[in-house]
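All you need for the working numbering is the position in the sequence shown, starting with 1, plus 156.
All C-beta atoms, glycine included, are put in the ideal place defined by N, C-alpha and C.
Take a look at the structure set out below.
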Amino acid sequence: MALLVRPRRFTGAAAIAGILLALTGCDSGGGTDGARDGRPVVIAPGRPGEAARTLTPEQASKEKPDDSPNAADHTYVQNMIEHHRQALTMSALAPQRASADGVRRLAERITASQQPEIGAMEKWRALHPAPPAPSGGHAHDHSTMPGMATEQQLTELTAATGADFDRLFLKLMTTHHEGALKMAGEALADGNNVAVEEMATELVAVQTAEINRMRSMG
157 MALLVRPRRF
167 TGAAAIAGIL
177 LALTGCDSGG
187 GTDGARDGRP
197 VVIAPGRPGE
207 AARTLTPEQA
217 SKEKPDDSPN
227 AADHTYVQNM
237 IEHHRQALTM
247 SALAPQRASA
257 DGVRRLAERI
267 TASQQPEIGA
277 MEKWRALHPA
287 PPAPSGGHAH
297 DHSTMPGMAT
307 EQQLTELTAA
317 TGADFDRLFL
327 KLMTTHHEGA
337 LKMAGEALAD
347 GNNVAVEEMA
357 TELVAVQTAE
367 INRMRSMG
């Protein structure tokens with residue numbers, strides 16, 4: 157038995173392995189010859205109007221598109237780790253300072269989603285080390301990333317309590333999320349790695365929903 161898997165974003169020849177899956181066939185009285193005699197087969201979806209092709213795993217491997225991480229992928233992961241860390245710092249203030257249950261629950265949700273995302277991005281970074289920075293290059297200033305709160309704003313948030321905290325938290329976190337969406341959009345436009353694309357796509361879905369929720373609360 158062979159499984160037909162729909163490609164994610166690749167078209168034309170590259171669609172052959174947008175997501176290719178090799179399975180050991182089973183004799184069910186139908187399907188391809190490869191599936192009937194027990195050899196692994198890969199079904200490569202064709203372009204609209206074209207029939208799918210049956211490939212050996214070796215053929216599929218050769219035709220798989222190269223999704224090696226590029227500079228945009230590395231930049232997104234590195235920057236988003238720091239971006240998420242600031243969101244966690246802000247969210248950690250809510251249990252003791254927020255007056256609205258909705259704000260506290262939102263902060264809990266942000267922590268519950270972004271902490272695992274940091275872990276996933278750190279694992280990706282360990283698997284795909286960034287190339288060495290040019291000699292004499294300067295360290296990146298994370299405070300310039302879109303949506304990042306300034307030190308003064310963080311100080312004000314830390315000092316605030318009750319309704320004042322709620323208003324400032326929602327304002328800063330909405331801006332923070334909007335910056336994350338911009339960064340994710342750049343990764344989706346310029347990146348090459350499928351895993352990074354998936355992480356950025358998930359971020360867009362989650363944080364767009366949270367932005368809408370914060371706007372309704374404000």
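For the pair of segments examined, the region 263–270 was found to touch the region 240–249: the number of CB pairs separated by less than 8 angstroms reaches three. In this structure, the beta-carbon distance from MET329 to SER247 falls below 9 angstroms. The alpha carbon of GLU354 has as its nearest neighbour, out of GLU206, VAL233 and PRO302, the alpha carbon of VAL233. In the structure shown, ARG209 falls within a strand segment according to DSSP collapsed to helix, strand and coil. Distance between ASN349 and ASP320, taken at the CA atoms: about 42 angstroms.
The Cβ atoms of GLN309 and LEU324 lie closer than 9 angstroms to each other. If you check the CB distance, VAL360 and GLY341 come in under 9 angstroms.
Secondary-structure assignment with DSSP links GLY318 through a beta bridge to ALA254. C-alpha of MET301 to C-alpha of ASP229: approximately 15 angstroms in a straight line. One thing to note: ASP346 has its Cβ no nearer than 9 angstroms to the Cβ of ASN235.
A check of alpha carbon separations from GLU238 across ILE274, ARG260, ALA207 and GLY205 identifies ILE274 as the nearest. Annotation: the continuous alpha helix (DSSP H) that includes ASN368 extends over 350–373. In chain order, ALA316, THR317 and PHE321 place their CB closer than 7 angstroms to the CB of ARG253, counting only its own chain and leaving out the 5 sequence neighbours on each side. An exposed status is given to GLY205, since fewer than 16 other beta-carbon atoms sit within 10 Å of its beta-carbon. When DSSP states are grouped into helix, strand and coil, MET329 belongs to the helix group.
Under the three-state reduction of DSSP output, ALA286 falls in the coil class, being neither helix nor strand. Within 10 angstroms of the beta-carbon of LEU249 lie 16 or more other beta-carbons, which makes it buried. Check the Cα spacing between MET373 and each of GLY258, THR212, LEU211 and PRO213: the tightest is with GLY258.
With 16 or more other Cβ atoms inside 10 Å of its own Cβ, PRO201 counts as buried. Linking ILE199 to PRO251 through their CA atoms gives a straight-line distance of about 52 angstroms. With fewer than 16 other beta carbons inside 10 angstroms of its own, LEU283 counts as exposed.
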